[in-house]
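Numbered per my numbering, the sequence shown spans residues 26 to 159.
Structure first, commentary second.
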Amino acid sequence: MDLSPLLDMAATLASAVLAACAPVVVLKISRMLTLNLDQTHRQAVTTALDTALGLGLKLAQEAGDARLANVNIRSAALATMVGYVKETVPAAVGHFGLTDDAIAQKAAARLASALHTLPAVAVVTAGASLAAAA
């Protein structure tokens with residue numbers, strides 16, 4: 026008994042199924058790679074903002090305004106932070122289409138958060154200084 030016609034039909038059917046599934050598989054892989062790229066760029070921006078925060082706070086401290094009460098010093102700190110992010114992760118900035126204003130908003134939020142926790146650090150430091158003096 027010759028099964029070659031059945032095998033030919035099975036092979037044709039299998040190749041048709043594979044051909045029909047290929048676009049779906051390619052789309053799924055493409056989405057997965059895009060999500061990984063988004064995650065990589067997001068992490069790069071986050072890391073750059075964290076480092077920029079340190080630079081902004083250092084600038085304020087060197088200017089004698091660690092609380093950033095002076096608008097000019099706050100603006101200079103934000104400008105430094107924005108410049109740092111744009112310089113260190115330009116691919117991520119371009120990937121998300123981040124404008125200077127968008128980066129500045131993220132930087133300002135980080136500054137506000139850091140300044141909000143600053144009094145607790147100052148109290149601990151002052152307490153340690155008093156304990157050392159005693």
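Each residue gets a CB set at the ideal place from its N, CA and C atoms; glycine is no exception.
Beta-carbon separation (whole angstroms), residue i vs residue j, contact threshold 8 Å
i, j, result
"R135", "L78", "5 Å"
"A73", "V114", "5 Å"
"T105", "G81", "6 Å"
"A117", "H66", "4 Å"
Residue closest to residue i, alpha-carbon to alpha-carbon, out of the options
i, options, result
"G119", "V96, M106, T76 and L62", "L62"
"D125", "A116, S138 and V110", "V110"
"T71", "S138, K131 and D33", "K131"
"S138", "R92, A117, Q68 and N97", "R92"
"V107", "Q86, Q64, H66 and D75", "D75"
"A127", "K53, M34 and L103", "L103"
Which of helix, strand or coil DSSP assigns to residue i
i, result
"L93", "coil"
"A137", "helix"
"A47", "helix"
"L32", "helix"
"T124", "coil"
Opening and closing residue of the alpha helix (DSSP H) in which residue i lies
i, result
"V118", "P115 to F121"
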